[in-house]
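What follows is a set of notes on a single structure, which appears directly below.
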Amino acid sequence: MKLHEPVTGGPCWAELGTDDLAAAERFYGELFGWRPETDPRRRASGHTVNRLGGAAVAGLTPLSRPEQPVAWDVVFAVRDADTAVRQVTAAGGTVPEGPVDVPGHGRYVVVVDPTGALFQLWQPGSFTGAGLLNAHGSLGWVELLTREPDRAADFYTTVFGWSVTASAYYPQWGIGGADFGGMVTMDEKFPHEVPAHWLPYFAVTDVDVAAAGTTDGGGTVLMEPVSPPEGPRIAVVRDPRGAMFGVYRVGDER
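Residues in the sequence shown are numbered consecutively from 120, following the numbering used here.
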């Protein structure tokens, strides 16, 4: 990711919805060195901010509905949540939740793009998002997996004004000249029941060590560590409760 801090229209946060908050704190603490801080207020419903040093890097939150899957959500910053909702719906997306005020922090919206991928929007107040990017244990890349890449490109360029680097293999998203993510076309290798989705990648100093740490912690390696010709060494894994995410070797440029 060529962004070094959250910017309007770019990824600003990643948040895990999980059915076992304590287990998630243990797993990610051992894997990335995160230190969890749970908001003690009742209205916060157990929301937890993970930190590296003094920097906030990712969130954990209990599932709010029984049917909600355990999964990571990618969050994008917007100036005004209400305006963003109008832009999303006009471009063919849907808004299942929000805008919702988080008193003293900001406002969030849950969005589903026209191809079925869920993500969130964040209008910052006192909380602007991740205090660290592109460093070990922090968010460093986001990836959209979809079966309708052309439709997805139309939606995101319309709503956010992103650029799309033309590539038959791996188009990349950018904002203000800085690439921050990519897009994968889901083909027959993806089971039909797997929906379009956003996948966060966290930076690590050693991808192979992170993959081994995932299995040691009870998770699963879905894509073994690999070094693509034009990118950093990466792997895709799943935590013990089923949430997927990627890791990539920090310091390599995409």
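Where a beta carbon is used, it is the ideal one built from N, C-alpha and C, also for glycine. Remember, predicted model here, so these are calculated numbers, not experimental data.
Length of the line joining the Cα atoms of residue i and residue j
i: R205; j: P290; result: 27 Å
i: T137; j: L179; result: 7 Å
i: L237; j: P314; result: 9 Å
i: A142; j: P359; result: 8 Å
i: A133; j: G256; result: 12 Å
i: W281; j: A254; result: 24 Å
i: F364; j: T333; result: 11 Å
i: P125; j: D335; result: 32 Å
i: T284; j: H166; result: 36 Å
i: L182; j: A190; result: 10 Å
i: E144; j: M302; result: 29 Å
i: E209; j: A203; result: Contrary to the premise, residue 209 reads as Ala rather than Glu in this sequence. Rounded to the nearest angstrom, the two C-alpha atoms are 10 Å apart.
i: R161; j: S286; result: Because R161 sits at a pLDDT of 49, beneath the cut-off of 50, its placement in the model cannot be relied upon, and the point is left open.
Test item: CB-CB of residue i and residue j under 8 Å
i: G337; j: F151; result: no
i: V340; j: V366; result: no
i: D232; j: A177; result: no
i: E343; j: A330; result: yes
i: G244; j: V229; result: no
i: G293; j: A174; result: no
i: F246; j: G259; result: no
i: Q242; j: V194; result: no
i: G300; j: E349; result: no
i: G219; j: Y227; result: The identity of residue 219 in the sequence shown is Val, whereas the question assumes Gly. Closer than 8 Å, so yes.
i: R89; j: R368; result: The structure shown does not extend to residue 89, since the chain is modelled only from 120 through 373, so no value can be given for it.
i: L135; j: A362; result: yes
i: V168; j: E156; result: yes
i: T127; j: V207; result: no
i: L171; j: W153; result: yes
Residue i - containing beta strand (DSSP E), residue span
i: T157; result: R154 to T157
i: F246; result: No beta strand (DSSP E) contains F246, which DSSP labels as neither H nor E.
i: P319; result: H316 to V323
i: R360; result: Premise fails: R360 is in no beta strand (DSSP E) and is neither H nor E.
i: M342; result: T339 to V345
i: V168; result: T167 to L171
i: T137; result: P130 to T137
Enclosing alpha helix (DSSP H) for residue i [first to last residue]
i: T334; result: V326 to D335
i: G148; result: L140 to F151
Residue-level contact to chain D via CB, residue i, 8 Å cutoff
i: D273; result: In the structure shown, chain D does not exist; there is a single protein chain.
Check: In chain order, which continuous runs of the beta strand (DSSP E) of length 3 or greater are located wholly inside the segment 251-303?
Finding: 258-265, 282-284 and 291-294
Note to self: Quick test of the definition: if touching needs 3 or more C-beta pairs under 8 Å, does the segment 259-268 touch the segment 294-312?
What the structure shows: yes
Checklist line | Length-filtered (4 minimum) alpha helix (DSSP H) runs lying within the segment 180-241 | finding: 200-209
Next item on the list: Kindly confirm or deny that the segment 273-291 and the segment 314-323 touch, where touching means at least three C-beta pairs closer than 8 Å.
Entry: no
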